[in-house]
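Written below as C-alpha cells is the structure these notes are about.
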Amino acid sequence: MITAERKPMAEIKAMLAPYRKILVVGCGTCVAECASGGEKEVGLLASALRMDAQIEGRTIEVREMTIDRQCVYEFIDKLTGVADRYEVILSLGCGAGVQAVAEAFPKMLVIPALNTTFIGETKEPGLWVENCRACGDCKLGYFAAVCPVTRCAKGLYNGPCGGSKNGVCEVDPDTPCAWQLIVERLENTGRNDLLEAIYPPADWSRQQGKGPRKIAREDQRSES
Amino acid sequence: MDQRTAGLNIAIFFCQQLDVNQDKNRRSLEKELGPRIRFFPLPCSGRIDPLHLLRALESGADMVYLIACPEGACRYREGNLRAKKRVRYAQQLIEEIGLEGVRIEMINRTAEMPDDIDAIARELLARDAKVSISPVRSNAILSFMQK
C-alpha cells in the first residue's frame, strides 16, 4: 500500500486561497487504508474547509467525492461531468493519483492535499510501517521475506552489522534489527545456507536515474 | 453565564450504556429546549468518529459533548479510550482552522454524576460557558438542530 499523510491545513488553505468552488476527491484504495484520503478523510477536510471559510466570512462551495482509485482512468472517469463545475480539484490521492487525475482533466487545476510517504504495511490499527523501496530488483527470496534495503537502517545486503542489541536496531530503538529477523526466519525455514552467500551491490539503475519507470505488457494493452 | 443563558446550541453524543432509559429521559429535555439541544445515542462511545464531531459543529452546534463511561468501565473494554483519542484528533483539526478545541469535550461519567442522561445534560448546561456562539453557526444552516 502507498501511504500518505494530510498536509497541514495552512498549506492546503494557501493553495486553495484563490478559489471558491472546490471539488474534494478521495481515493478508496491505499490512502483510505492508511486513513489519510478515504471517504471519511474527505468528509473531515471538506467540513473543516467549509467551517474555515465561514469563520473568515468567505463563501465557498465544497463538494465531496471519493472514487475507488485515483490512479486508474476507468475510475477517474466518474469525475467526468462533475469536475468541470468546479474551479479546482483538491485531491486526497497519492502522488500518482493526483497526476493521473490532472492528466485526465487537462484544463483543471489539481492540488494535492496529502504528502505521499512510502510503500508499507498496516502493522496494527493506526500504525503503518515502510517495508518496500520499490527498488525494482526484489531479493526477498534470499532474505527470508525481510527487505534489508528498506528495513535495515544501513541497507546492508551482507549483514548483520553487529550493532544491534537484543534484536533492536542501534540506529532506532523502536525498530527491530532487520538482519536479526532475516537470520531467525532463515533458521526457522531451514535455509541457513542462504546466509553463506555473498550478495553483490544492488542495481540501483532499476530504481532511479532514468526518469519515470515503465512496465509495458503487450498482452494487457488495448489494440492501437 | 451558564451555557443555557449564553444561548449555546449543544450536541450531546453519549454512550447508551450510561442510562438504560435514555430514550425516555432525553426526550423531556429535548422538548424543553427544542432545537437548542440534540442527543445522539451511541451503542458505545467507541463508535464516535471525528467526522461526527465536525459535522455537528458545521451544522450549528456551539458545543459538542461526548459522554462516556468511566475509564476502565467500558462494556466493550476500550471503547471510551479510543473515543478519547478521536476527540483529541477532532480538537486538533478544529484548532487548525482557528476554532477553540474546547468546543469539543469528552466527559467520562463519575460516581458523583446522576444516572439519567437528561440530568447529566442539565449539569452540563449549568456549567459556565467556556465559549461564545460559534462563528460557524452564524452562517450555518441549522439543519443539524432541526429534526
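The listed protein sequences correspond, in order, to chains A and B. In my numbering, each residue's number is its place in the first sequence (first place is 1) plus 67. In my numbering, each residue's number is its place in the second sequence (first place is 1) plus 407. Cβ coordinates follow ideal geometry from the N, Cα and C atoms, glycine included.
#1: Please classify L449 (chain B): is it buried, with 16 or more other beta-carbons within 10 angstroms of its beta-carbon, or exposed?
#2: Could you tell me which chain A residues have their CB closer than 7 Å to the CB of I504 (chain B), listed as they occur along the chain?
#3: Going by CA-CA distance only, name the one from A:E141, A:I249 and A:S231 that's closest to D241 (chain A).
#4: Against chain B, with Cβ distances strictly below 8 Å, would K190 (chain A) count as a contact?
#5: Interface residues of chain A around D456 (chain B) at Cβ under 7 Å?
#6: First and last residue of the beta strand (DSSP E) that includes W271 (chain A)?
#7: Using 10 angstroms around the beta-carbon of D260 (chain A), count the other beta-carbons present and answer buried if the total reaches 16, otherwise exposed.
#8: So which residues on chain B does G110 (chain A) lean against when the C-beta distance must stay under 7 Å?
#9: With 16 as the cutoff for other CB atoms within 10 Å, does M408 (chain B) come out buried or exposed?
#10: As a quick exercise: from B:C481, B:R495, B:E519 and B:D523, pick the residue whose alpha carbon is nearest that of E512 (chain B).
#11: Between the region 508-521 of chain B and chain A, which residues of the former have CB atoms less than 7 Å from a CB of the latter, in chain order?
#12: Counting only the same chain and skipping the five closest in sequence on each side, list residues whose C-beta sits under 7 Å from that of A71 (chain A).
#13: Could you tell me the boundaries of the alpha helix (DSSP H) in which F142 (chain A) lies?
#14: Could you check whether V149 (chain A) and I178 (chain A) sit closer than 8 Å to each other, using their CB atoms as the reference points?
#15: Could you name the residues of chain A that L461 (chain B) contacts, counting a contact when the two beta carbons are closer than 7 Å?
#16: Which of helix, strand or coil does DSSP assign to P215 (chain A)?
#17: Given a cut-off of 8 Å, decide if V543 (chain B) and M60 (chain A) are closer than it, judged by their beta-carbon atoms.
#18: Buried or exposed, going by whether 16 or more other CB atoms sit within 10 Å of the CB of I282 (chain A)?
#19: Taking only runs that begin and end inside the region 152-176 of chain A, name each unbroken alpha helix (DSSP H) of 4 or more residues, in chain order.
#20: Kindly indicate the opening and closing residues of the alpha helix (DSSP H) around P457 (chain B).
#21: Who are the neighbours of L464 (chain B) on chain A, taking C-beta pairs under 9 Å?
#22: Just how far apart, CA to CA, sit K554 (chain B) and A413 (chain B)?
#23: Taking only the alpha-carbon atoms, compute the straight-line gap between Y209 (chain A) and R258 (chain A) and give it to the nearest angstrom.
#24: Alpha carbon to alpha carbon, how far is R130 (chain A) from L461 (chain B)?
#25: Mind checking who E72 (chain A) pairs with in its DSSP beta bridge?
#26: When you compare the CB positions of L464 (chain B) and I501 (chain B), do they come within less than 8 Å of one another, or not?
#27: Whose CA, out of A:I122, A:G110 and A:E188, lies closest to the CA of I540 (chain B)?
#28: Check whether the Cβ atoms of I524 (chain B) and D426 (chain B) sit closer than 8 Å, and answer yes or no.
Taking the geometry as given:
#1: Taking the first residue of the second sequence as 1, we reach residue 449 (chain B) at position 42. Buried, because 16 or more other Cβ atoms sit within 10 Å of the Cβ of L449 (chain B).
#2: The residue given as residue 504 (chain B) occupies position 97 in the second sequence. For I504 (chain B), the C-beta contacts it makes with chain A under 7 Å involve M76, A115, M118, D119 and I122, in order along the chain.
#3: Locating residue 241 (chain A) in the first sequence gives position 174, where the first residue counts as 1. Distances from the alpha-carbon of D241 (chain A) to those of A:E141, A:I249 and A:S231 put A:S231 closest.
#4: As a working mapping, residue 190 (chain A) is identified with position 123 in the first sequence. So, not an interface residue.
#5: Sequence index remark: in the second sequence, residue 456 (chain B) carries index 49 (1-based). Simply K107.
#6: In the first sequence, residue 271 (chain A) corresponds to position 204, counting from 1. Per DSSP, W271 (chain A) belongs to no beta strand (DSSP E) and is neither H nor E.
#7: The residue labelled residue 260 (chain A) in the question sits at position 193 within the first sequence. Answer is exposed; the Cβ neighbour count stays below 16.
#8: Counted from its first residue, the first sequence places residue 110 (chain A) at position 43. At a beta-carbon threshold of 7 Å, the residues of chain B lying near G110 (chain A) are L458, ordered along the chain.
#9: The residue labelled residue 408 (chain B) in the question sits at position 1 within the second sequence. An exposed status is given to M408 (chain B), since fewer than 16 other beta-carbon atoms sit within 10 Å of its beta-carbon.
#10: As a working note, residue 512 (chain B) is residue 105 in the second sequence. Answer by Cα proximity: B:R495.
#11: Answer in chain order: no residues at all.
#12: Here residue 71 (chain A) refers to the residue found at position 4 of the first sequence. So the qualifying residues of the chain are V98, C101, S103, G104, C161, L181, N182, T183 and T184.
#13: For this step, residue 142 (chain A) is matched to residue 75 along the first sequence. Secondary structure note for F142 (chain A): its alpha helix (DSSP H) is the uninterrupted segment Y140 to I143.
#14: Your numbering for residue 178 (chain A) matches position 111 in the first sequence. Your numbering for residue 149 (chain A) matches position 82 in the first sequence. Between I178 (chain A) and V149 (chain A), the CB-CB gap reaches or exceeds 8 Å.
#15: Position 54 of the second sequence, counting from 1, holds the residue named residue 461 (chain B). For L461 (chain B), the C-beta contacts it makes with chain A under 7 Å involve L111, S114 and A115, in order along the chain.
#16: Here the question's residue 215 (chain A) lines up with position 148 in the first sequence. In this structure, P215 (chain A) counts as helix in the three-state DSSP scheme.
#17: Residue 60 (chain A) lies beyond the range of chain A shown here (68 to 291); nothing can be said about it.
#18: Locating residue 282 (chain A) in the first sequence gives position 215, where the first residue counts as 1. Exposed.
#19: The region 152-176 of chain A contains, as complete alpha helix (DSSP H) runs of 4+ residues, the segments 162-171 (chain order).
#20: Within the second sequence, the letter at position 50 stands for residue 457 (chain B). First-last of the alpha helix (DSSP H) with P457 (chain B): P457 to E465.
#21: Within the second sequence, the letter at position 57 stands for residue 464 (chain B). Chain A residues near L464 (chain B): S114 and M118.
#22: Locating residue 554 (chain B) in the second sequence gives position 147, where the first residue counts as 1. Locating residue 413 (chain B) in the second sequence gives position 6, where the first residue counts as 1. Note that K554 (chain B) scores 43 on pLDDT, short of 50, meaning its location in the model is unreliable and no value can be drawn from it.
#23: By 1-based counting over the first sequence, the position of residue 209 (chain A) is 142. By 1-based counting over the first sequence, the position of residue 258 (chain A) is 191. The straight-line gap from Cα to Cα measures roughly 9 Å.
#24: Here the question's residue 130 (chain A) lines up with position 63 in the first sequence. Here the question's residue 461 (chain B) lines up with position 54 in the second sequence. For R130 (chain A) and L461 (chain B), the distance between alpha carbons rounds to 16 Å.
#25: For the purposes of this step, residue 72 (chain A) is taken as residue 5 along the first sequence, with counting starting at 1. E72 (chain A) pairs with A:N182.
#26: Start at 1 with the first residue of the second sequence, and residue 464 (chain B) comes out as number 57. Start at 1 with the first residue of the second sequence, and residue 501 (chain B) comes out as number 94. In contact: L464 (chain B) and I501 (chain B) (Cβ atoms closer than 8 Å).
#27: For the purposes of this step, residue 540 (chain B) is taken as residue 133 along the second sequence, with counting starting at 1. Here the closest residue by C-alpha is A:I122.
#28: By 1-based counting over the second sequence, the position of residue 524 (chain B) is 117. By 1-based counting over the second sequence, the position of residue 426 (chain B) is 19. A distance below 8 Å separates the beta carbons of I524 (chain B) and D426 (chain B).
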